[in-house]
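See below for the structure under consideration.
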Amino acid sequence: MLGVALVLSGLVVVDTASAQTTNPIELNSTWTDAFTLLESQWIDQFGEAPQPMSVSNVLATGDQFAKRNLLAGDDGGKKVGLDFIVSGTRLTAAELSTAKVGYTQIPVAISSLAITLRAPSGAGAQGWRTRDGVCTEDPVTGEQTCPKSEPYTLPLKLNPDALFKLYTGEGFELMADPAFRADNNATFEARAGVFSAAIGRIDPGAIPKNLRAYFQTFTPAGVAVVYQNLKIDPALLRPEEWPFLSKATRSNNASLVNALVQSNTPDGAVAAGGMIGDLDTVNALAAIARFPSVDLRNAQLKNGAGSFVGPTKDAVLAGINAGLRSGAPDATFVENAGLDTGSPSGAYPLTWLEWLIVPSTGLGADKANSVATIARFIVLAGQADLEAAGAPRLPSALVTSALKSADDLVRSNCTTAGYRVGTRTDAGPSAPSTLVLPANTTIAWCEKIPVAATTTTTTTQPPATPTTTAVMTTIAPDQSDDDVPVRLLPAMIARAIAPPVSTTTTPTDGANAAPTTTISVAGPAPSTPTAAPIEEAVVLPDAVPVVERAQFDRVTTMGMGGACLFGAARRYKRKLA
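In UniProt numbering, the protein residues as written are 1 to 577.
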C-alpha cells in the first residue's frame, strides 16, 4: 500500500429506490498494492447492498498527479473531478493553503516499505548459502577441500551503508562485503561475476521518499556526495511522492516483482533483473509466497535505536505507535518514526499511514454518505482483510479518529436543500453486511427531511330538528271565519297538523293591529338543509281546532250565545201567547 494505494473517482449517483446492484463500488487502484489484492473480495461485499453510486478509476499516475487532480483549480487551472483518493501522503499545509475548498483526511490503513532481496543465482551460486571457513588446496594433488555448504535460513540483516551502495551504484558485491558478513555472522558463498544492485536505482532522485529519509538519517554525507557528483541541487529536486520508480519510468509492484524473479514483464519484454527492490510489505509477502523457488526475503533494517528489525506486523505497528503524538492522532502523526533515536528497539523504521482524502464540501448527500461508508468499512471490517494480507490493524485511537472524521465529512457536506444531518445506529443502506458498528455507536447520516403529513379532520354534526311556525290572524268580533286570511308554512300543509309542542303568544304593536299567536310544532327532518321559502297557503275552512282564542273572546262568545238564546226564548214565548 504505497503511495496511491487507491484512486477512486467518477462517483455517479443512481436511483436508490430501485435497489440497484448493477453499479457496485469498484475499488480500482492505480498501483498493484494491498488494496488491489483485496479489490475483488471487497467489491463482492459492497455488491450485497444497493449502492447509490458507482466508482471507477480514471488515473494511471502516482500520488502527486492524483492530488493535483483532487485539488480544485489545480493541474493548470482545470478541475479533473476526483471526488476522493487514498494516498500514502497527506496534503501539506502549503497545498491546503492554496486549495479552493477544505479537505477531510481520514487515516484508513497502515503501510510499510520492505527491502526485498533475491537469492543469488548463476555462475554456480544457487540460493543463500554459507560455508564454515574457506576451501583449502592439496599441494600435491591440487584437490580442494571445502567446508560443507549449508543453506542460510536466518533473517538477512542489511546495514545502511550496504543498502546505500546498492541504490547508488552498480557492481557492488553484497555477498563479499565484510560488513554484510559481519552483521549476519556468516560467510556467504560469493562467486566471481555475481554482483548485486538495486533494480534501476542509480539516480537518488528516483529513490522513494521513505527510503530517502532513511539515507538522510544514516548516510547524509554519502547522499550529499552523490548529489554533487550527479550535479543535482537537492533544493531544486522535487521530492518524489510516489514510491515506485524505476529508471526513466515509474514502475509498480508487479514490474518490480517480475524483475526480481527474472520473469517476463507484462508487455513481453525480458526483465532486466537486479538483486534488490523496494516493495510495500503486503505485496512483498505475496511475492514470497507466490515464488518459493526464488527464495525472496525481506531484509532487516537498522532503526534509530540501532536494532535490526524486519517488517513484521508487530514491528510495523510499533513504528506506527511511535509516530502517534499527543493530541489528535491523525493530525500529529509522524511517518518513519522508527528512525528516531528515541524510538523503541522493536520499531520498524519505514512506516506510514494511508489517508482517504476527500473535499469537506460540495459532495452532496449521496456521495458524502457513500464515501463515509467506504472509510468506515476500511477501518472496521476491512482491517481483518488487511491483517490477513500481512498488514497490522489500525490502533484503536486511529479507528476512533477515522470514525469521527467520517461523521465530520457527512456533516460538512450535508448542505443540500431538503436534507439534514441525522443519526443511525447501523452502518447505512449501502454498507456491506460485514460492516458492523462497535457497540453503542451512532453515525452521522445525511437524510431527506420528511414531508409533514397533512391531516384533515371532518366533524359531522347531526341535523337539528327543524321547527315549523304557523302565523294566523285571529277573527275579529265583526268578521266571519271566511274573511280571515291564513298564512301557513308548506311543511304544515304537507303533513297533518301536529299537536303543539310549545306555544308563545305575543301581542302585536299598534292600536288597530290584531293579536298574533305563534305555535312551534316538531316536524320531520327536511331533505335538504336549505329552508324552503314561505308561500301562500290554502285557506282552511275551519281553523278553529288549531287556534286557541283569547280568554276575552271566549267570554264574549259565551255572553253573545247566552243573549241569543235568551232572545230566542222570548220570541218563542210570544208566539205561544
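Think of the CB as a built atom: it goes at the ideal place given N, C-alpha and C, for glycine as much as any other residue.
Which one of the options has the shortest CA to CA distance from residue i?
i: I115; options: L91, T98 and T351; result: T351
i: L296; options: G382, N184, I357 and L154; result: L154
i: K188; options: M175, N303 and A182; result: Looking at the sequence itself, residue 188 is Phe, so the reference to Lys does not match. Looking at the Cα atoms, M175 is the closest of the given residues.
i: N298; options: D177, L113, R424 and A94; result: L113
i: N303; options: T341, K313, V294 and I85; result: T341
i: L353; options: S111, G323 and Q41; result: S111
i: P107; options: L91, K100 and T98; result: L91
i: D366; options: C564, L158, T415 and G222; result: T415
i: T211; options: Y103, Q105 and E335; result: In the sequence under discussion, the amino acid at residue 211 is Leu, which differs from the Thr named in the question. Residue E335 is the option with its Cα nearest to L211.
i: T441; options: L403, D83 and A417; result: L403
i: Q105; options: G562, A452, T361 and R420; result: T361
i: R424; options: D407, F84, E95 and F172; result: D407
i: K100; options: L158, A417 and P359; result: P359
i: W355; options: S405, G562, S97 and A259; result: S405
i: D314; options: R325, R393, M560 and A259; result: R393
i: N184; options: F172, R131, E143 and R570; result: R131
i: A337; options: T217, Y419 and E95; result: T217
Evaluate residue i with the Cβ neighbour count: other Cβ atoms within 10 Å of its Cβ, from every protein chain shown; 16 or more gives buried, anything less gives exposed.
i: I449; result: exposed
i: T454; result: exposed
i: F215; result: buried
i: P178; result: exposed
i: A87; result: Note on residue identity: the sequence assigns Ser, not Ala, to residue 87. That one is buried.
i: L363; result: buried
i: D83; result: buried
i: L158; result: buried
i: C564; result: exposed
i: V451; result: exposed
i: A417; result: exposed
i: R439; result: Reading off the sequence, residue 439 comes out as Ala, not Arg. Exposed: under 16 other Cβ atoms inside 10 Å.
Are the CB atoms of residue i and residue j nearer to each other than 8 Å?
i: C446; j: V410; result: yes
i: R129; j: Y152; result: yes
i: T373; j: G428; result: yes
i: A318; j: G277; result: no
i: L38; j: M275; result: no
i: residue 585; j: Q45; result: Residue 585 lies beyond the stretch modelled for the chain, which goes from 1 to 577, so this question has no answer here.
i: A287; j: S343; result: no
i: T219; j: P147; result: no
i: G42; j: G310; result: The displayed chain sequence assigns Trp, not Gly, to residue 42. The answer is no: Cβ separation not under 8 Å.
i: L339; j: A221; result: no
i: V294; j: A186; result: no
i: N413; j: A444; result: no
i: G323; j: F308; result: no
Do you know how far the Cα of residue j is from the Cα of residue i?
i: V316; j: T145; result: 45 Å
i: I357; j: L279; result: 23 Å
i: K165; j: P395; result: 36 Å
i: A397; j: N321; result: 10 Å
i: N283; j: D138; result: 49 Å
i: residue 581; j: D426; result: With the chain covering 1 to 577 only, the question about residue 581 has no answer from this structure.
i: A289; j: V261; result: 12 Å
i: G268; j: V257; result: A caution first: G268 carries a pLDDT of 46, below 50, which makes its placement in the model unreliable, though a value can still be read off. Cα-Cα distance, rounded: 15 Å.
i: S251; j: K209; result: Caution applies to S251, whose pLDDT of 46 falls short of 50 and renders its modelled position unreliable; the model cannot decide the point.
i: A272; j: P292; result: Confidence at A272 is low in this model, with a pLDDT of 44, below 50, so its placement is unreliable and no value can be given for it.
i: L163; j: A384; result: 33 Å
i: V387; j: T141; result: What sits at residue 387 in the sequence shown is Glu, not Val. C-alpha separation (whole angstroms): 59 Å.
i: A391; j: T312; result: 8 Å
i: M558; j: G567; result: 14 Å
i: A109; j: T89; result: 12 Å
i: V225; j: Y348; result: 27 Å
i: A281; j: A389; result: Residue 281 is actually Thr in this sequence, not Ala. Whole-angstrom Cα-Cα distance: 9 Å.
i: M492; j: G562; result: For M492, the predicted model reports a pLDDT of 45, less than 50, meaning its position is unreliable; a value from the coordinates is still stated below. Roughly 36 Å between the two C-alpha positions.
i: P285; j: V223; result: Looking at the sequence shown, residue 285 is not Pro but Leu. Cα to Cα, L285 sits roughly 30 Å from V223.
i: Y103; j: Y167; result: 36 Å
i: S370; j: S401; result: 18 Å
i: residue 624; j: A93; result: Residue numbering for the chain in the displayed model covers 1 to 577; residue 624 lies beyond these limits and cannot be assessed.
i: T136; j: S149; result: 14 Å
i: Y419; j: L96; result: 28 Å
i: R325; j: I85; result: 25 Å
i: V55; j: T98; result: At V55, the pLDDT of 42 sits below 50, so the modelled position is not reliable; the number obtained from the coordinates is stated separately. Taking the straight line from one Cα to the other gives about 27 Å.
i: E143; j: A259; result: 38 Å
Touching or not, the stretch 427-443 and the stretch 377-385, by the rule of three or more beta carbon pairs under 8 Å?
The stretch 427-443 vs the stretch 377-385: in contact.
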